[in-house]
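Okay, so here's the structure we're looking at.
There are 2 protein chains.
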Amino acid sequence: MSSIKNGRRPTARDVARVAGVSQPAVSRAFTEGASIAVETRDKVLRAAKELGYRPNLIARSLTTSRSRLVGVAMSYLENPFYPAMLERIAAILADAGYKVLLFTSPPGAPCEPLLEDVLRNRVDALILASASITSRFAEECSRAGVPVVLVNRRTPGHRTSTVTGMNEDGAVVIAERIARAGHRRPAFMAGLENASTSQERERGFLRGLVAAGLPEPLRVVGHFDFERARSAMRALLALPKPPDAVFCANDYMALAALQTLHEESALRPGRDISIIGFDDIPAAAWPSFALSTFSQPYALMAERVVARVLDQLRHPGRPAVEDVVPGSFLQRRSSRPVRA
Amino acid sequence: MSSIKNGRRPTARDVARVAGVSQPAVSRAFTEGASIAVETRDKVLRAAKELGYRPNLIARSLTTSRSRLVGVAMSYLENPFYPAMLERIAAILADAGYKVLLFTSPPGAPCEPLLEDVLRNRVDALILASASITSRFAEECSRAGVPVVLVNRRTPGHRTSTVTGMNEDGAVVIAERIARAGHRRPAFMAGLENASTSQERERGFLRGLVAAGLPEPLRVVGHFDFERARSAMRALLALPKPPDAVFCANDYMALAALQTLHEESALRPGRDISIIGFDDIPAAAWPSFALSTFSQPYALMAERVVARVLDQLRHPGRPAVEDVVPGSFLQRRSSRPVRA
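If you're matching them up, the sequences are chains A and B in order.
Residues 3 to 342, numbered by our numbering, are exactly what the first sequence covers, in order.
Residues 3 to 342, numbered by our numbering, are exactly what the second sequence covers, in order.
The structure is reproduced here in structure tokens:
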């Protein structure tokens with residue numbers, strides 16, 4: 003075969019040289035429907051194969067001003083809800099001919115510099131999971147013509163599309179179930195104080211408790227972190243009068259609370275005390291946990307997110323949409339059933 | 003501000019127009035150390051800010067023939083080991099100025115078309131987790147000048163760098179522990195038959211059992227899948243003489259086996275029977291499981307992987323390296339301790 007210096011990436015020029023054709027001919031050979039003589043095209047393809055050359059889609063994208071890259075910013079990959087959704091988003095985007103440019107950030111870290119980063123990489127669109135966005139940045143994105151879709155987060159007052167679960171209404175349902183199960187001392191375990199999901203779930207929980215004539219809940223903060231959720235549960239159990247029902251702002255913290263109960267308390271979940279989460283991650287259904295929860299169907303959410311992204315790419319002018327994906331309460335063994 | 007049609011991305015030409023300078027001046031203004039008059043530069047930066055224009059790093063990368071993108075191919079995101087490693091890899095690459103182009107594929111699916119895809123996106127390098135690679139493809143990558151590093155997989159006989167845990171030696175240690183704990187009826191739960199990790203762990207387990215004078219293990223296949231691992235455990239428990247020690251090819255399957263035992267058997271883990279995994283995923287240490295396992299330090303593995311990628315980018319000629327990251331046996335409650 004013709005020699006290319008070890009490691010150097012073969013270029014269109016190399017292919018032209020080996021095929022004995024012009025460089026434009028090489029590019030035509032790799033362009034759908036371009037006019038080129040069959041034998042010229044064959045020469046080019048043979049040379050390309052020999053050299054291991056491939057047309058560069060990123061270079062091509064500049065002419066169409068499309069990178070076919072969608073930036074996905076995500077933290078909390080230790081919470082199984084996010085990798086599960088990420089996997090679905092990547093698969094659906096791939097079917098649509100887009101690739102995922104992944105940006106991770108530590109939980110609660112400001113995502114602004116990271117987003118700056120995203121724009122500099124010229125992504126076609128931006129999906130932000132478990133991250134909020136400032137109005138200044140939302141404005142910058144719309145100026146730059148980069149559609150943004152928030153998943154599992156909302157930023158009130160911004161013109162940014164969102165896909166979320168039934169955070170507030172789901173929490174109202176949870177409060178009703180707790181009341182109808184005969185509980186009298188509810189508690190709420192918050193996630194990160196500045197996370198809209200935690201705020202909305204708490205708001206719905208309070209609304210539901212009031213409607214059911216129950217007192218304001220005891221309150222601890224688990225920061226969406228496993229170990230901090232365990233400490234928060236210990237704090238509740240150490241109270242002179244511990245709660246008889248704990249709603250945790252997500253399943254991941256609820257699993258921590260449930261295990262702390264198993265290991266460090268005589269209270270039996272589903273009998274003496276109810277532990278309820280939010281999300282329905284796979285582990286919630288594991289036999290050791292059987293966690294009652296309100297579901298957020300991540301596969302459906304992923305479909306809606308990608309559909310929204312593609313829609314905004316096709317119709318840049320379209321106004322932002324707040325898409326709420328339906329979920330439902332799942333009664334499992336970690337919480338007391340509603341009384342007949 | 004000067005008007006740009008809604009949604010259209012501002013170009014260098016727009017900036018030149020608004021700033022009243024030439025287009026080359028715009029590009030010089032955004033190029034480190036390029037010669038340009040201070041006031042011209044200021045004009046450009048003001049116009050760029052006004053329009054929300056950013057220099058396009060991908061376009062720039064073509065002149066340096068570097069996309070600053072590293073393709074990461076991964077499946078099994080439902081196994082917490084992989085998202086944990088992915089998060090570390092992305093963070094370390096970001097520090098080095100690289101971004102992750104994520105490719106996911108269903109467990110066990112052939113990754114050849116996916117990899118073709120990777121090359122067409124002109125990534126600088128390729129990290130393959132939980133995926134093997136054919137010699138033909140390895141050859142294509144080296145021709146294309148794209149370094150490839152396999153994580154947690156090995157492909158014997160190929161010139162491809164790998165970063166793995168102590169699969170075979172770790173499994174030997176597990177066999178020794180089982181023997182010294184007084185077990186007599188070992189069993190092995192395989193993952194996917196064609197996965198090198200499962201093969202190497204089984205090989206080490208057999209070697210260790212023989213050395214310890216124990217019989218060949220009973221054998222079931224869990225396919226690295228939670229539900230199939232539960233069925234495989236049920237099959238073992240249904241035997242006239244069930245095993246007294248089960249080594250599962252990874253923690254994820256071991257957690258399924260452990261819970262099946264809890265729910266469906268009178269055998270007490272750590273007393274009547276030992277369940278042992280491999281990886282040390284976070285959930286292995288959860289109080290409900292306390293799974294004995296052999297650790298694969300994913301953070302360290304991620305560091306080694308990125309270091310290998312950067313090394314191969316700097317020195318394309320370098321031969322492939324097989325890097326084995328040390329781990330250790332972790333005695334928890336799911337297995338019987340060694341007898342004094």
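From the three backbone atoms N, C-alpha and C, an ideal C-beta is built for every residue, glycine too.
Which of helix, strand or coil DSSP assigns to residue i
i       : result
T65(B)  : Its pLDDT being 49, under 50, T65(B) is placed unreliably by the model, and the measurement read from it follows with that caveat. Note: T65(B) maps to helix in three-state DSSP.
E324(B) : strand
V223(A) : strand
I283(A) : coil
F296(B) : strand
P188(B) : strand
L88(A)  : helix
L208(B) : helix
L332(A) : strand
L53(A)  : helix
P12(B)  : coil
I94(B)  : helix
S233(B) : helix
L216(B) : coil
S137(A) : helix
V20(A)  : helix
S29(A)  : helix
E195(A) : coil
Residues bridged to residue i (per DSSP)
i       : result
L71(A)  : K101(A)
M76(A)  : T106(A)
L130(A) : A75(A), L152(A)
Any C-beta of chain B under 9 Å from that of residue i
i       : result
F226(A) : no
A49(A)  : no
L415(A) : This structure leaves residue 415(A) out entirely; chain A is present only between 3 and 342.
E89(A)  : yes
V74(A)  : yes
P245(A) : no
L238(A) : no
G54(A)  : yes
E305(A) : no
T162(A) : no
S137(A) : no
P284(A) : yes
V46(A)  : no
S290(A) : yes
E178(A) : no
L312(A) : no
A14(A)  : no
P271(A) : no
P85(A)  : yes
L130(A) : no
R19(A)  : no
Buried or exposed (CB count within 10 angstroms, at least 16 for buried), residue i
i       : result
T65(A)  : Bear in mind that a pLDDT of 49 at T65(A), under 50, signals an unreliable position, so the number given afterwards is only what the model happens to contain. Counting Cβ neighbours within 10 Å, T65(A) comes out exposed, since fewer than 16 surround it.
M253(B) : Sequence check: residue 253(B) is Asp here, not Met. Counting Cβ neighbours within 10 Å, D253(B) comes out buried, since at least 16 surround it.
E195(B) : exposed
E142(B) : buried
A234(B) : buried
E218(A) : exposed
R73(B)  : The identity of residue 73(B) in the sequence shown is Gly, whereas the question assumes Arg. Looking at its Cβ environment, which holds 16 or more other Cβ atoms inside 10 Å, G73(B) is buried.
L95(B)  : buried
M3(A)   : Its pLDDT being 41, under 50, M3(A) is placed unreliably in this model, and the value from its coordinates should be taken loosely. By the 10 Å Cβ count, M3(A) comes out exposed.
V311(B) : buried
A140(A) : buried
is_contact[residue i, chain A] using C-beta, thresh 9 Å
i       : result
K101(B) : yes
Q25(B)  : no
A146(B) : yes
N123(B) : yes
Y300(B) : no
T262(B) : yes
R230(B) : no
T157(B) : no
P82(B)  : yes
T295(B) : no
F105(B) : yes
L79(B)  : yes
A96(B)  : yes
Legend entry - Segments assigned beta strand (DSSP E), at least 3 residues, entirely inside the segment 153-183 of chain A: Runs of the beta strand (DSSP E) lying entirely within the segment 153-183 of chain A, each at least 3 residues long, are 163-166 in chain order.
Inset, instruction - Would you mind listing the alpha helix (DSSP H) stretches within the segment 240-283 of chain B that are 4+ residues and don't spill past its ends, in chain order? - result: If we require 4 residues or more, the alpha helix (DSSP H) runs fully inside the segment 240-283 of chain B come out as 253-266.
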